[in-house]
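Comments concern the structure below.
Structure, rendered in structure tokens:
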């Protein structure tokens, strides 16, 4: 070896030793973070405060753990605050992601000094604060434990201290183009995200984690891009996303450091994610674009459910859907007018591949619509999904549900997957179980199983009823949203935009027969139910209020409920009757 090569080798060795001074067998390292003269701080006696994210119960638990360890060691109780409080001038112990800038700085340092894998964490002094940060919730838990075990005995730490736990385990290498997949984030739509597309995104995340140690963040498209290493799934609001016109078509496109995975419909998008994942598993790299069509047979939801029926509303099939065209006398009247169902094109029509249901009125009646599959499609169990824009107007009541009212039965069930009255700012997901008591009186025992959803915040119906709250959320009228339910032999789970919002287990319920009967779909719109303005003092009757006849929503299109599709997926062996 010549002299230049020898010197170069020595410099490399020295650099490695410097970077990993104090390095243990797992790749842990201590590095220095300040060029100024370091000093020792005692975070107990100098009045530091513990800070964690507001509203995060897990982070609050970490704060309590650090608080207890310091108090046990010194007898001194530190302030334990969330990040809405003012910065403590004496210093802070910051745990995880907070609004404090040191949280992000610590994460940036962790990415710089580590490999970016999920198990890594950092304990570091940054800008007057001690920061405990991890790549994932699990690694943050490990970081808190490490801090308690190693620092809370003496409650001292040097101001140039930075401890990084590095994961140097042996993993596979997965690449997208020429890039290591660990650089990427997975991006999905904030709205109108199918639950099983989300399942496929999570499957991609888990597979990459198991093979590489990287836990790719899954973010919604309302989060701004911070770099161009993104795997963009579905019709995200990101530059370069191209919608596909054919429902069955899919495309996997590599452009620079960005991957676009999209389909003309939710099932073809899920299928494309599956193909992308298989390519990674088989070849450890995805290097080429791909296009094709979903074959209609491959399971695309949890590897078990298959698409058994869908209406994409290219036309209105009146041989399939049973419609009504009559006044509904049992709903009473408003302003002396009746409540009717209508098949008039101004109330019920298909336009540009969408089913448009519009509320109207004349001098005699208010008009809504009714469609059901009672004569054409009945099923027991499965996964149901609707994509729709919700009507926005006081007094407009519409819902998507499955109903099991077989003739002669005493126990039956109603699954209200999306039920909305009076504006598009909240909706209910309801599990009704009806049965006849010993006197033959019909009972509905599921009031406590009624829930009202406001931007993923949930109120039990009893609480919503008692407090008569009306909390504004993002309007469901501005763009399409996704509503779904999975019905199994023991439970029912509801979803909105890929997020679970309600789970009901009926395993021990006395009237389970209603949950075992065949059901059919109902799409219903009426005018007259108003949950917006009533007060509990006025009683339940006050929810029936007069619609405002001169309101803008009657003429500006807000009184329309617009459906993109309704679908049913089932596993082998689940009951299905299509006529």
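Numbering (the numbering used here), first residue to last: 38 to 616.
The beta carbon of each residue, even a glycine, is placed where N, CA and C say it ideally should be.
With DSSP as the reference, please indicate the residues paired to residue i in a beta bridge.
{"i": "residue 428", "result": "None, per the DSSP bridge assignment."}
{"i": "residue 129", "result": "86, 166"}
{"i": "residue 421", "result": "522, 605"}
{"i": "residue 329", "result": "287"}
{"i": "residue 538", "result": "Per DSSP, none; premise fails for residue 538."}
{"i": "residue 341", "result": "Note: residue 341 sits in no beta bridge, so no partner."}
{"i": "residue 377", "result": "364, 404"}
{"i": "residue 119", "result": "89"}
{"i": "residue 193", "result": "79"}
{"i": "residue 392", "result": "387, 600"}
{"i": "residue 251", "result": "The partner list for residue 251 (beta bridge, DSSP) is empty, contrary to what the question assumes."}
{"i": "residue 295", "result": "267, 292"}
If we ignore side chains and look at the alpha-carbon of each, how far apart do residue i and residue j end up?
{"i": "residue 318", "j": "residue 311", "result": "11 Å"}
{"i": "residue 285", "j": "residue 603", "result": "15 Å"}
{"i": "residue 466", "j": "residue 549", "result": "19 Å"}
{"i": "residue 340", "j": "residue 456", "result": "30 Å"}
{"i": "residue 413", "j": "residue 334", "result": "22 Å"}
{"i": "residue 184", "j": "residue 160", "result": "7 Å"}
{"i": "residue 662", "j": "residue 563", "result": "Lying outside 38 to 616, the shown extent of the chain, residue 662 is not represented and no answer is given."}
{"i": "residue 257", "j": "residue 121", "result": "24 Å"}
{"i": "residue 115", "j": "residue 182", "result": "18 Å"}
{"i": "residue 376", "j": "residue 430", "result": "16 Å"}
{"i": "residue 236", "j": "residue 535", "result": "8 Å"}
{"i": "residue 434", "j": "residue 600", "result": "15 Å"}
{"i": "residue 598", "j": "residue 445", "result": "34 Å"}
{"i": "residue 565", "j": "residue 432", "result": "4 Å"}
{"i": "residue 589", "j": "residue 320", "result": "57 Å"}
{"i": "residue 249", "j": "residue 219", "result": "8 Å"}
{"i": "residue 188", "j": "residue 194", "result": "7 Å"}
{"i": "residue 479", "j": "residue 123", "result": "57 Å"}
{"i": "residue 330", "j": "residue 277", "result": "21 Å"}
{"i": "residue 153", "j": "residue 96", "result": "22 Å"}
{"i": "residue 191", "j": "residue 77", "result": "11 Å"}
{"i": "residue 202", "j": "residue 151", "result": "8 Å"}
{"i": "residue 305", "j": "residue 451", "result": "30 Å"}
{"i": "residue 422", "j": "residue 442", "result": "21 Å"}
{"i": "residue 439", "j": "residue 454", "result": "8 Å"}
{"i": "residue 394", "j": "residue 298", "result": "32 Å"}
{"i": "residue 381", "j": "residue 364", "result": "13 Å"}
{"i": "residue 198", "j": "residue 204", "result": "20 Å"}
{"i": "residue 94", "j": "residue 101", "result": "10 Å"}
{"i": "residue 73", "j": "residue 238", "result": "46 Å"}
{"i": "residue 425", "j": "residue 474", "result": "37 Å"}
{"i": "residue 147", "j": "residue 200", "result": "9 Å"}
Apart from the five residues just before and just after residue i, which ones in its own chain have a Cβ nearer than 6 Å to its Cβ?
{"i": "residue 252", "result": "155, 173, 246"}
{"i": "residue 233", "result": "307, 338"}
{"i": "residue 19", "result": "Because the chain in this structure spans residues 38 to 616, residue 19 falls outside the shown range and cannot be described."}
{"i": "residue 408", "result": "358, 360, 560"}
{"i": "residue 427", "result": "457, 461, 513, 514"}
{"i": "residue 144", "result": "170"}
{"i": "residue 75", "result": "195, 196, 197"}
I believe residue i touches residue j by the beta-carbon criterion, under 8 Å. Please report the beta-carbon distance rounded to the nearest angstrom.
{"i": "residue 265", "j": "residue 295", "result": "6 Å"}
{"i": "residue 524", "j": "residue 419", "result": "6 Å"}
{"i": "residue 554", "j": "residue 417", "result": "7 Å"}
{"i": "residue 300", "j": "residue 281", "result": "6 Å"}
{"i": "residue 379", "j": "residue 557", "result": "With a Cβ gap of about 21 Å, residue 379 and residue 557 do not count as contacting."}
{"i": "residue 527", "j": "residue 547", "result": "Residue 527 to residue 547, Cβ: 14 Å. No contact."}
{"i": "residue 516", "j": "residue 287", "result": "Incorrect: roughly 22 Å between the Cβ atoms, too far for contact."}
{"i": "residue 221", "j": "residue 268", "result": "5 Å"}
{"i": "residue 83", "j": "residue 126", "result": "The Cβ separation is near 11 Å, so there is no contact."}
Please return the same chain residues whose Cβ sits closer than 7 Å to the Cβ of residue i, not counting the five positions on each side in sequence.
{"i": "residue 345", "result": "605, 606, 607, 613"}
{"i": "residue 216", "result": "266, 294"}
{"i": "residue 481", "result": "469, 471"}
{"i": "residue 230", "result": "271, 519, 534, 535"}
{"i": "residue 135", "result": "88, 89, 90, 120"}
{"i": "residue 324", "result": "214"}
{"i": "residue 349", "result": "284, 390, 602"}
For residue i, which residues in the same chain have their Cβ closer than 8 Å to its Cβ, ignoring the five residues on either side in sequence?
{"i": "residue 177", "result": "99, 132, 133, 158, 169, 170, 171"}
{"i": "residue 244", "result": "314, 317, 318"}
{"i": "residue 273", "result": "224, 225, 226, 258"}
{"i": "residue 616", "result": "412, 413, 414"}
Cβ-heavy atom distance between residue i and the ligand ADP below 7 Å?
{"i": "residue 417", "result": "Only the bare structure without any ligand can be found here, which leaves the ligand ADP out of the picture."}
- For the stretch 193–210 against the stretch 83–97, are there 3 or more C-beta pairs whose distance is under 8 Å? no
- Indicate whether the contact test is met: 3 or more Cβ pairs, each with one atom in the stretch 136–146 and one in the stretch 104–113, closer than 8 Å. no
- For the stretch 462–480 and the stretch 592–603, state whether three or more C-beta atom pairs, one from each stretch, are separated by less than 8 Å. no
- Query: Does the stretch 346–365 come close enough to the stretch 383–395 that 3 or more CB-CB pairs lie under 8 Å?
  - Reply: yes
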